[in-house]
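Visitor: To start, I am sharing the structure in question, which I have written as structure tokens.
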Amino acid sequence: MSGPYEVLGIDPSADAAAVRARYLELVRAFPPEQSPEKFSEIRAAYDQLQDPVAVWKNRLFDEKSMDSVASLAAELQPRFRRQRLPTSLLLSLVRS
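One point on numbering: in UniProt numbering, the residue at position 15 of the sequence shown is 15, and numbering is uninterrupted.
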């Protein structure tokens, strides 16, 4: 089974705007009326990338080395300082 980034054909470092642009491009290329299986695969991948909990879990637990985990932590630190995380997000990470 391919991951959502492979299904959409984008780099894992792509931002939300790039993910949405690629999704819309693929939906135009594979409309549900003509390619229902491909459309559902594209839609599922896009939905998975829209779930913030799933995105952070994938980025954290799919990393291959401690260097990449350290770089992820360095990237997240300024973001977390600027905003508060919803309690539900934190609890869902702890429960998993």
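All residues carry an ideal CB built from backbone N, CA and C; glycine is no exception. Please read these numbers as outputs of a predicted model, since none were measured by experiment.
Nearest-angstrom Cα distance between Val7 and Trp56?
Guide: In the sequence shown, residue 7 corresponds to position 7, counting from 1. In the sequence shown, residue 56 corresponds to position 56, counting from 1. Computed Cα separation, rounded: 18 Å.
Visitor: Which one of Ser71, Gln34, Gly9 and Gln77 has the shortest CA to CA distance from Tyr46?
Guide: The residue labelled residue 46 in the question sits at position 46 within the sequence shown. When each option's Cα is compared against that of Tyr46, the closest is Gly9.
Visitor: Just reading off the alpha helix (DSSP H) that Gln50 is part of, what are its end residues?
Guide: As a working note, residue 50 is residue 50 in the sequence shown. Unbroken alpha helix (DSSP H) run through Gln50: Pro36 to Gln50.
Visitor: Leaving out five residues before and five after Lys38 in sequence, what residues of the same chain have Cβ atoms less than 6 Å from its Cβ?
Guide: Here residue 38 is taken as the residue at index 38 of the sequence shown, counted from 1. Cβ neighbours of Lys38 beyond the five flanking positions: Phe30.
Visitor: DSSP on Glu33, reduced to helix/strand/coil?
Guide: Mapped onto the sequence shown, residue 33 falls at position 33. The answer is coil: DSSP assigns Glu33 none of H, G, I, E or B.
Visitor: Reducing DSSP to helix, strand and coil, say where Pro12 ends up.
Guide: Within the sequence shown, the letter at position 12 stands for residue 12. Three-state DSSP puts Pro12 in coil, outside helix and strand.
Visitor: Could you check which residue in Pro36, Gly3, Ser35 and Ile42 has the C-alpha nearest to that of Arg20?
Guide: What you label residue 20 is simply residue 20 of the sequence shown in a count that begins at 1. Minimum Cα distance to Arg20 is reached at Ile42.
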